[in-house]
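Undergrad: Numbering-wise, our numbering comes out as the position in the sequence shown, counting from 1, plus 87.
Backbone N, C-alpha and C fix where the C-beta goes; we use that ideal spot for every residue, glycine too.
Here the structure is a predicted model, which is why all the values come from computation and not from measurement.
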Amino acid sequence: APLLLALVTLQRYFYVTQRAICSLKSTCIQLFCLFIFVSTAELHLFSFYDLTHSDTRPRSEHIPFECTVDKLHHNTYYEFRSKIYPKLALVAYTVVPLAIIIIGNVLLVRTVRKVSQRANCKAKKKRSVTRMLYAVSVLYTVLTSPASIFLAIAPASYQLAPAFRLQWTLLRLLFYLCHSVNFLLFCASGTFFRQEFISFVRSNCVIQLNWRSNRNHAVDIDGMTKFEEEILNPPLKCRTPSNNSVTKSERRSSKLNETRSAETPPEILKNSKS
Numbered sequence: 088a089p090l091l092l093a094l095v096t097l098q099r100y101f102y103v104t105q106r107a108i109c110s111l112k113s114t115c116i117q118l119f120c121l122f123i124f125v126s127t128a129e130l131h132l133f134s135f136y137d138l139t140h141s142d143t144r145p146r147s148e149h150i151p152f153e154c155t156v157d158k159l160h161h162n163t164y165y166e167f168r169s170k171i172y173p174k175l176a177l178v179a180y181t182v183v184p185l186a187i188i189i190i191g192n193v194l195l196v197r198t199v200r201k202v203s204q205r206a207n208c209k210a211k212k213k214r215s216v217t218r219m220l221y222a223v224s225v226l227y228t229v230l231t232s233p234a235s236i237f238l239a240i241a242p243a244s245y246q247l248a249p250a251f252r253l254q255w256t257l258l259r260l261l262f263y264l265c266h267s268v269n270f271l272l273f274c275a276s277g278t279f280f281r282q283e284f285i286s287f288v289r290s291n292c293v294i295q296l297n298w299r300s301n302r303n304h305a306v307d308i309d310g311m312t313k314f315e316e317e318i319l320n321p322p323l324k325c326r327t328p329s330n331n332s333v334t335k336s337e338r339r340s341s342k343l344n345e346t347r348s349a350e351t352p353p354e355i356l357k358n359s360k361s
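(1) Excluding the five sequence neighbours on either side, which residues of its own chain have a C-beta within less than 7 Å of the C-beta of residue 194, listed in chain order?
(2) Under 8 Å: do the stretch 260 to 274 and the stretch 226 to 243 share three or more Cβ pairs, one atom per stretch?
(3) Buried or exposed, going by whether 16 or more other CB atoms sit within 10 Å of the CB of residue 256?
(4) Between 158, 119, 251, which lies nearest to residue 136 when the distance is taken from Cα to Cα?
(5) Measuring only the C-alpha atoms, how far is residue 133 from residue 165?
(6) Apart from the five residues on each side of it in sequence, which residues of its chain come closer than 6 Å, Cβ to Cβ, to residue 153?
(7) Which complete alpha helix (DSSP H) runs does the stretch 235 to 282 hold, if anything under 4 residues is left out?
(8) Can you tell me whether residue 240 is buried or exposed, with buried defined as 16 or more other CB within 10 angstroms of its CB?
(9) Since residue 198 and residue 288 should fall inside the 8 Å C-beta cutoff, what is the C-beta to C-beta distance between them, to a whole number of angstroms?
(10) Measuring alpha carbon to alpha carbon, tell me which residue in 291, 283, 91, 97 is nearest residue 192.
(11) Specify, as a first and last residue, the run of the beta strand (DSSP E) that residue 138 falls within.
(12) Do residue 222 and residue 272 have their CB atoms nearer than 7 Å?
(13) Among 91, 267, 224, 112, which residue has its Cα nearest to the Cα of residue 188?
(14) How is residue 129 classed by DSSP in three states: helix, strand or coil?
This is the structure:
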């Protein structure tokens, strides 16, 4: 997640400064490269971690197994995991993304100010973007740094301390809070983001209401009785006469004409012909 935020900051800066074109294809390639990098960097954890004896407690049958490194069989890797890896993780996942986020947001704020001064934009929108970017940088620094520094400094034996579980729980809550509160932060500090979110929610509500009304109308039609359906939509037999009925009506009309001609006097027929 920190690397993803750093990538988003770089994309936003390059898009605003028009130094690179941010397309869907380039974004997918960058995300794929980021996934490959993180997977390769964390692959050693899947290779050496196992359900084994605790590395901080004495080995005994009464102590349950833990998902950790067996320091008797992998002593060299255990030293690397305990002393070197936390510092590398601090640099790769905290220091570098933090530097990218802060520097990128500062440069982005300067660019936005220059563009707004040239275009004579409203100061309200400029302050909104500046406030949102500074809030993201400060929030990320305050909430994620303590957990990373704690992992890099605290030794493995500190896990046996009485206050370790409480301290680590609070630090993890702060770390996860940084990623969950970004949405609320954007809504609170970004006017444009808030307007787009409100319009998105309204459009979804309208779509759901239309779908429900159409569904209720379809249910009403399906629940119609046979008598009501025949009244509203009469059958095809009643509306279109068949071929037999047409021939019968023609025969009746021909017979009626013959009888009328037979009953008519010949003088009237001559006068009508003349």
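TA: Walking through what the data contain:
(1) Here residue 194 corresponds to residue number 107 of the sequence shown, with the count starting at 1. Around residue 194: 100.
(2) They touch, by the three-pair rule.
(3) On the sequence shown, position 169 is the one that residue 256 refers to. Exposed, since its Cβ has fewer than 16 Cβ neighbours within 10 Å.
(4) Position 49 of the sequence shown holds residue 136. Per the Cα distances, 158.
(5) Here residue 133 refers to the residue found at position 46 when the sequence shown is read from its first residue. Here residue 165 refers to the residue found at position 78 when the sequence shown is read from its first residue. One C-alpha to the other measures close to 14 Å.
(6) On the sequence shown, position 66 is the one that residue 153 refers to. If you ignore the 5 residues before and after residue 153, its C-beta comes within less than 6 Å of the C-beta of 141, all in its own chain and listed in chain order.
(7) 251 to 267, 269 to 276
(8) For the purposes of this step, residue 240 is identified with residue 153 of the sequence shown, where counting begins at 1. Around the beta carbon of residue 240, fewer than 16 other beta carbons lie within 10 angstroms, which makes this residue exposed.
(9) Taking the sequence shown and counting its residues from 1, one reaches residue 198 at position 111. Taking the sequence shown and counting its residues from 1, one reaches residue 288 at position 201. Rounded, the Cβ-Cβ distance is 30 Å, inconsistent with contact.
(10) For the purposes of this step, residue 192 is taken as the residue at position 105 of the sequence shown. Of the listed residues, the one whose Cα sits closest to residue 192 is 97.
(11) In the sequence shown, the residue the question calls residue 138 occupies position 51. Per DSSP, the continuous beta strand (DSSP E) segment holding residue 138 begins and ends at 136 to 139.
(12) Within the sequence shown, numbered from 1, the residue matching residue 222 stands at position 135. Within the sequence shown, numbered from 1, the residue matching residue 272 stands at position 185. Yes, Cβ-Cβ distance for residue 222 and residue 272 is below 7 Å.
(13) Reading the sequence shown from its first residue, position 101 is the one you call residue 188. Comparing Cα-Cα distances from residue 188 to each of 91, 267, 224, 112, the minimum goes to 224.
(14) Counting from 1 along the sequence shown, the entry for residue 129 is found at position 42. In the three-state reduction of the DSSP assignment, residue 129 falls in the coil class.
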